[in-house]
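Residue numbers (the working numbering), protein chains in the order written: chain A, 1 to 220; chain B, 221 to 1000.
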Amino acid sequence: MIKLRSVTKAYNSGVDKTFVLRNINLHVKEGEFISIMGPSGAGKSTLLHIIGMLDSISDGEYHFFDQPVHALNEKKRAALYKEYLGFVFQSYHLIDDLTVYENLEMPLLYKKYNSSERKSLVCDTLDRFQIVGKKNLFPNQLSGGQQQLVGVARAIISKPKLLLADEPTGNLHSVQGEEIMQLLSNLNQDRTTIIQVTHSEKNAGYGTRILQLKDGWIEN
Amino acid sequence: MFTNYLKIALRNLLRHKGYSIINIAGLAIGMACCIMIMLWRQSELSINKFHEKVNSIYLICCWEQYGSERTHSPGSPPALGPALKAEDPRVVNAARFINGQSQYLLSKGETRFKELIQLADPGIFQMFSFPFLYGDPKETYSGKQVLVLSESMAKKFFGDQNPVGKTMTIDNQYDFKVVGVMKDIPPNSTIKFDVWAPLDFIKVAYGENFLDTWYNLAFRTYVELGKGVSYLEFNEGLKNRIRQSNPETNLEVYLYPFKDIYLQLQGKMTTVRLFSLIAILVLCIACINFINLITANGARRAREVGLRKVVGATRGQLIKQFFGETVLMTFIALILSVLIVELFLPFFNQITGKALQFNLLGNIDLAASIIGIALVTGLLSGSYPALVLSNYVPVKVLKGTMVSGKKNFLRRGLVVFQFTVSVILIISTTLVYRQMHYIDNKELGFNKKQLIYLPVEGKLNQSYEVVKHDLLQCPQILGVTKVSDSPAGIYQNGSGWQWDGKSPDVVPEVTYLHADADFPETFQMRMSQGKFFDRDESESSTNIVINQRFAEIMDLGNPIGKTLQNDDVKLTIIGVVEDFHFKPVYEPIGPLIIVWNKEHLQDRYIFIRIRPENLSGTLATIKQVTQKLNPEFPFEYHFLDQEYEKLYRSAERMKGTINIFTGLAILISCLGLFGLAAYTTQQRSKEIGVRKVLGAAVHNIVTLLSKEYVVLVILADLIACPIAYYFMNAWLQDFAYRIDMGWVTFVLGGMIALFFTVGTVSFQAIKAAMADPVKSLHYE
C-alpha cells in the first residue's frame, strides 16, 4: 500500500540544512496497524504528515498504491488523500462553530455525496459510536474523550483505507485513552490500515508493528 | 454545502457579537453615506436634464476685455438673439430671459400678493419643457400683456378655478390676461419662476428701445440649434457677431451647451466629485475595518481552514466560503444602511437644501448601484482575508506553529491609511470652518446690524422726502437713506473712465452706486478724504464720491477736485469713502463711484438704521409712515444681516455636509481601532499576565499596548498634513480674503486623531492590564 524509498526531509535553516528525516525506507501493507515511537524531535509527526500528504518530501520516492506521490501535483495529491485518508489529531481539532452532527458531515461536503447519502452516513456513524444523543451539541459541551470520539468518527466517516493518528490519546486520561485505542483496534480489525504516532508503550502495543524513530533515522 | 457555510458564518457572527457589531455597523454607516451621496449626486446630475430639447439648447455667453483682464459673462445683449434667429437658418429658435426676477404687486380683485415675475420671450415655452395644464404653449403672445402662472400660483389666486382668460393687475396699474397654467417647475431646474410675463413689458419701465441694444449684458439668451448642427462649427462664425453691429465693444460671443451649464460652467461638478470621493473614502475606511478585524481574527479561523483542508477542501472552496461570509455580512450591513438612510434623509436634506427621496422601487438605477456597492464592498473586503486565510498550510496551522498577526505590515498600512484620511478630513473641516467664520465676521466696512430696508415701490419714490422726514421723527430711527442697490451685491458696472495722468494699461471696471447724502452716516461708514454729498446738493450737480480702492488705482495722491470723464460725461471727485464690501466677500473690493441725483427714479431701497430696543414699536412706526403715503402696496421689510446669512448659505451647507462625513470617518476609524485593539490585547493576554506577575504596573502595560497604535497614528498625521495643506490651499484660492492656514490647525488635527486613538486603545489596554493575571496564565 505504502512504499517509502530513501525519503529525506530537510529544512533550510540559515546556511545549514537541518535534516528531520534521513533515508527512510518503509513498506506498509493493507491491514497493518503501525505505531511510530521515538523521543521528541525524532521526526515522528513529520513522517506521519508526509505519509498523509500534508507535507512534501525533499528527496526520495513515495508510492501510494501505484501512484508516485512525490511526482504528483497539488491537485492530484489532494484528490488522492480525499479518497483514501483520514486524520485524527492529538487536540481533536473539531470546528467550534459546528455541532457534532455538522462536524461529522463536513468531510462529506467536500466529496461527491448528495444530501440523503450524507444524512444516512452521518446517522450510521453516530449510531456506531453511540453518540446519537450528542449530535446537536457543540464541541465545547463535550469532554475530551467524547471530543476525540467525534474526531475519530469524523476521520473514518468516508471510509478511508488509511487512518493516520497523531498521538490520539495524548490529551486524554487513561480510561478515555484506552477506549479510543480499543476503538482504533476494532477499526483495524475491520481492515482499516492505521498508522499512529505515540509516546506510550502500552498504546503501541495495540499495533501490529512498532517503528522506532531517532534523529530522523528508523532504528531496527 | 451552502447551508454549512451559512451556518458557520451566522454562528461566527453571533459568537463574536462585539466584532460583528463593529464590522456591520461600520460598513452600514459607510454604505449609508454612499447611498446618500449617490442620491445627492443623482439629483445634481439630473439638473435641467428633464427638458426634452436639452441637447440642442445653448446659452449665449460673452468674453469681455477690460485692459489686460478678460472676464466671462453668461449674459448677452438683447438684440443678439432675434438677430441670430432672423439671419441663420440653423437657429431654430432663440429666447431671452431678463437676468433675475423682479418683485411686483400682483392682484386679482382684492387678492393681492407681492410676487416675483420672470420676464422672458414667449419662445421659452417652445424650447423648454414646461408642460401646460391650461392654455397652449405654442401660441406666441407677442405684443400682448399676458401671464402664465405655475400650478401653485394659480391655486394661490384662483383656487381650483381655471384662470385662463381672467385678468390680473400688476402694480395696481397694468392689466394682464392669464393665458396659461404650467405645471410647477421641478426642483431640478436652474430656471425657476412661478409667474411669466412677456419680456416686452420691460419697455414700459426702460423705454421702447431697451430691447434693441447691442451692449447691455443683463439678458440670458438661449438658442435652439437644428438637428445635426454642431455648436462648435456654429461658434466659429459667431465670435464677432456683436462687433459687427456695435464696433465700439470688444465682446466676443459663443454658445455654451445648456446641459453643461450647471455642472461645468457653474462648477458644481467639482463639488460632486469631492463628495463622491469623500463617500468612497468613508466606505474604504469601513472596508479596512472589515479586513483588519477578519485577519486579526485569522488565528482563530486558521484552525478551521487547516482542518477543512485536511478533510479535503480545496483552496477554491475555501475562498468561496470566505467571500460568502463577507458578502453575507455586507448584505446585513446593506439592509441596516437602508434603514439609516430612511432615518437620516430628512436631516441630510435639511443640511444640503435638497428634497431627495429614497424610493428604491422607483429608482432602478439606484437600487442596482446599491446592490453593486454591497457586492463590491463584500468582494473588496473579503478578498484579502479570503486569499490569506485560504492559503494557510494545514500542517503549520494544526501544529500551532503559526502565529498570526505578529508583524502584519499590511494591517498597519491600512490603519495608517484610515487615519490619514481621517486626519485630512479633520484638518480640512477645521479650515473650512475657520474660513467661513472669518467671512461671517469679516469687517464689511459698515455696520450691517440694525439695518432695515424697504423696497421702493409705488409712490414711495415721489414722496421719499416726506417719508424720510416722518421717519426721522421717531427717536428709535437713527438714519434714513435711499440707494439704488443693497451693498450685499451691486452689479451695475461699466468702463471707459478717463482722468489726467491715467496710464493706458489701466482700464478699471467700475461699479456704480446711487445714494443720497445720508448714506455714509446711516451705514456707519467713514470718509478717508474729502466729504460726502450735501443735503442741498444742486440738482444738476456733477459731484461724485469714489472709494479708496479707486483712489489707489488712480494713484494721484489726493484725488479731491480731480475730474473723471467718460465720453461727454464729466464728474468731479469731492470725497473718498473708505473701502467697504459691496459684493460677496469671496470677491475682492473693486473701484466704485457713488453718485447722487435727486431726480433719480431707479433707487430700489430705503435703508433705515434703528436702535436695537423696542423693535416691534419701531417696525409699527415705519409701517404706519409708509402705508400712509403708499397704501396700495403691502408693507415689506428685510433685515440686512439676514440677507447676508442667505448669501453664504450654500457655503454653510457645504460646511455642514463635510462636518458630518468627517465625524463619520473618525467614528468608523475608531470603531475599527477599538476592535483591532481588542484583538491584539486578547492575543497578548498571556504576555500581559507574565509581565504583571513579574511586577509590571498598569501604566506600563497600557503604554506597551498603546505604543504601537500611537506610532501609527503619528505617522498618519505626518502623511496627512501636506496632503491637507495642498488641497485646502487650492480651495482657499477661491476666496479673495482668506485665513492664514497656520500650523495650529494641523497640529490640532493630529492631536484630535491621537486623542481618539489613545482613548480607544487604552480602554482595551486598561481592561487587560487590570485583569487578574492568573486567569490568562491558567488557561494554558
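All C-beta atoms, glycine included, are put in the ideal place defined by N, C-alpha and C.
Small disclaimer: the values here were computed from a predicted structure and weren't measured.
Option in the options with minimal Cα separation from residue i
i        : options                                   : result
B/Tyr658 : B/Thr882, B/Ile793, B/Asp960 and B/Glu289 : B/Asp960
B/Tyr653 : B/Asn681, B/Ser296 and B/Lys875           : B/Lys875
B/Arg440 : B/Phe270, B/Ile555, B/Gln321 and B/Thr546 : B/Gln321
B/Asp395 : B/Met402, B/Val401 and B/Thr387           : B/Thr387
A/Glu74  : B/Gly795, B/Asn920 and B/Ala533           : B/Ala533
B/Tyr354 : B/Gln338, B/Thr838, B/Val384 and B/Ala425 : B/Val384
B/Ala315 : B/Met402, B/Asp420, B/Thr792 and B/Val401 : B/Asp420
B/Pro302 : B/Val473, B/Phe983, B/Gln693 and B/Leu431 : B/Leu431
B/Val815 : B/His801, B/Pro832 and B/Phe752           : B/Phe752
B/Leu339 : B/Pro357, B/Ile318 and B/Gln862           : B/Ile318
B/His919 : B/Ala989, B/Ser263 and B/Ile934           : B/Ala989
According to DSSP, residues forming a beta bridge with residue i
i        : result
A/Trp217 : A/Lys214
B/Val930 : Answer by DSSP bridge pairing: none, since B/Val930 is not bridged.
B/Met388 : B/Phe396
B/Trp283 : B/His292 and B/Glu472
A/His27  : A/Lys3
B/Gly714 : B/Val730
B/Glu335 : B/Tyr324
B/Ile462 : None; B/Ile462 has no bridge partner.
B/Trp416 : B/Gln338 and B/Val368
B/His858 : B/Tyr673
Chain A within 8 Å of residue i, Cβ atoms only
i        : result
B/Pro605 : no
B/Val530 : yes
B/Leu527 : yes
B/Glu928 : no
B/Asn232 : yes
B/Glu545 : no
B/His236 : no
B/Ile228 : yes
B/Ala940 : no
B/Thr597 : no
B/Gln903 : no
B/Gln537 : yes
B/Asn224 : yes
B/Ala936 : no
B/Thr882 : no
B/Pro566 : no
B/Thr534 : yes
B/Pro477 : no
B/Pro407 : no
B/Val964 : no
B/Val615 : yes
Beta carbon proximity, residue i to chain B, threshold 8 Å
i      : result
A/Lys3 : no
Proximity of residue i and residue j at Cβ, strictly below 8 Å
i        : j        : result
B/Leu445 : B/Val311 : yes
B/Asn512 : B/Val635 : yes
B/Ala606 : B/Phe551 : no
B/Ser370 : B/Asp404 : yes
B/Asn408 : B/Ser496 : no
B/Tyr442 : B/Ile277 : yes
B/Gly795 : B/Met747 : yes
A/Arg209 : A/Glu30  : no
B/Thr901 : B/Ala973 : no
B/Ile590 : B/Ile244 : no
B/Leu733 : B/Val703 : yes
A/Gln147 : A/Tyr92  : yes
Closer than 7 Å: residue i CB and nearest the ligand NAP heavy atom
i        : result
B/Phe578 : Ligands are entirely absent from the displayed structure, and the ligand NAP is therefore not among its contents.
Cross-chain neighbours of residue i in chain D, by beta carbon under 8 Å
i        : result
B/Ala522 : Although the question refers to chain D, the structure presented lacks it and instead comprises the protein chains A and B.
Interface positions of the region 70-100 of chain A facing chain B (Cβ-Cβ less than 7 Å), listed along the chain: Flagged, chain order: Ala78, Lys82, Phe87, Phe89, His93, Ile95, Asp97 and Leu98.
Taking a cut of 7 Å between CB atoms, which residues from the region 487-507 of chain B lie near chain A? Answer set for the region 487-507 of chain B: empty.
According to a CB-to-CB cut-off of less than 8 Å, which residues of the region 101-120 of chain A neighbour chain B? Listed in sequence order: Glu102, Glu105, Met106, Pro107, Leu109, Tyr110 and Lys111.
What residues in the region 48-60 of chain A bring their beta carbon closer than 9 Å to a beta carbon of chain B? Hits within the stretch, in order: His49, Gly52, Leu54 and Asp55.
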